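Asker: Quick one: structure below, then a few questions.
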Amino acid sequence: DEVSTIVLAAVNPPAYGFPSIEDEDAKRTHAENVITTLLTPKFAKLDALIAENGKNGPVFSDHVTVAELKWHQVIKLIKTMWTYVPADFFAKYPHVQALYDMVESVPEVRAWYASQH
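This note's numbering puts the sequence shown at residues 307 to 423.
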């Protein structure tokens, strides 16, 4: 949940009690700082955890758990709502990307997201 809060506070600072950032250069700089100092270490640690687990399917169990669903949600938020995240950000974390892809391929997950539009 810490990563979710970091991302949501960066996407919408006023919702978390921070001043709004209006200047585009300031938004970009803020995003770069958040990515470098907060998200990069978190995703590096998650990628290492998944690699250590050594599985190609669900990471934390033999089936998709709330943990995979939560990480999928956070990654989807980063990929779809945060303008200043580099498109190749998750390329540095192949195991995290594989987790995202695995959850994204679950028919029930796809159906749920489709029902939200």
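Beta carbons: idealized from backbone N, C-alpha and C, even for Gly. Model, not experiment: these values are computed from the prediction.
#1: Could you say which of Leu405, Tyr322 and Arg334 lies nearest to Thr371 if we only look at CA atoms?
#2: Ordered along the chain, which non-local residues of its own chain (more than five positions away) have a Cβ less than 7 Å from that of Ile384?
#3: Would you report the Cα separation of Pro413 and Tyr419, rounded to the nearest angstrom?
#4: DSSP state of His423, grouped into three classes?
#5: On the three-pair Cβ rule with 8 Å, is the region 326 to 342 touching the region 350 to 360?
#6: Go ahead and pull the three-state DSSP assignment for Glu374.
#7: Quick check on Phe324: buried or exposed, where buried means 16 or more other Cβ atoms within 10 Å of its Cβ?
Answerer: In this structure, then:
#1: Leu405
#2: Val313 and Val391
#3: 10 Å
#4: Here DSSP, grouped into helix, strand and coil, assigns His423 to coil.
#5: They do not touch, by the three-pair rule.
#6: helix
#7: Counting Cβ neighbours within 10 Å, Phe324 comes out exposed, since fewer than 16 surround it.
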